[in-house]
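Colleague: I have a structure here, written as structure tokens, and I will follow up with some questions on it.
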Amino acid sequence: MKDGVIILNTIRGPLIVEEDLAEALNSGKVYAACCDVVSEEPIRSNNPLLACGNSMITPHIAWAPKESRQRLMDIVVSNLAGFPDGEMVNAVNL
Numbered sequence: 013m014k015d016g017v018i019i020l021n022t023i024r025g026p027l028i029v030e031e032d033l034a035e036a037l038n039s040g041k042v043y044a045a046c047c048d049v050v051s052e053e054p055i056r057s058n059n060p061l062l063a064c065g066n067s068m069i070t071p072h073i074a075w076a077p078k079e080s081r082q083r084l085m086d087i088v089v090s091n092l093a094g095f096p097d098g099e100m101v102n103a104v105n106l
């Protein structure tokens, strides 16, 4: 890959070998990395990415922008409001 790339991982932690990414970050091969997931969650204190100054790790929340969380809360409220009348939204198993 080209030198100076930026790695974004919002998919799965084991997709990236963290030791290799840390080495690439420290050598400058990779300019920066942002990972929303890591190989083991919760993250362990010995994860090599924690020692890299040019990496950012977020707490597995890439899926949850404000709009997504609001939509989930609206569904919960609809389910609770409709429950006494037997009207449910997104019923998984009836």
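First residue of the sequence shown: 13, per my numbering; consecutive thereafter. Using N, Cα and C, we set each Cβ at its ideal position, and we do this for glycine too.
Do leucine 61 and valine 50 have their beta-carbon atoms positioned less than 8 angstroms apart in this structure?
Modeller: In terms of Cβ geometry, valine 50 and leucine 61 form a close pair [threshold 8 angstroms].
Colleague: At the level of alpha carbons, what is the spacing between serine 39 and serine 57?
Modeller: 22 angstroms
Colleague: Below 7 angstroms CB to CB, which residues in the same chain sit around proline 26 once its five sequence neighbours on both sides are set aside?
Modeller: Ser51
Colleague: Tell me, to the nearest whole angstrom, how far the beta carbon of isoleucine 23 is from that of alanine 45; I am working on the premise that it is less than 8 angstroms.
Modeller: Rounded, the Cβ-Cβ distance is 13 angstroms, inconsistent with contact.
Colleague: Counting C-beta neighbours from all protein chains within 10 Å, is the total for alanine 76 16 or more, i.e. buried, or is it exposed?
Modeller: By the 10 Å Cβ count, alanine 76 comes out exposed.
Colleague: Tell me methionine 68's beta-bridge partners as DSSP assigns them.
Modeller: For methionine 68, which the question treats as bridged, DSSP gives the partners Cys46.
Colleague: Going by the beta-carbon positions, is the gap between proline 87 and valine 101 smaller than 8 angstroms?
Modeller: Before going further, note that residue 87 is isoleucine rather than proline in the sequence given. Their beta carbons are under 8 angstroms apart, which means isoleucine 87 touches valine 101 by this criterion.
Colleague: Report the rounded CA-to-CA distance for glycine 65 versus lysine 41, giving the unit in angstroms.
Modeller: 14 angstroms
Colleague: Straight-line CA distance for isoleucine 28 to valine 89?
Modeller: 38 angstroms
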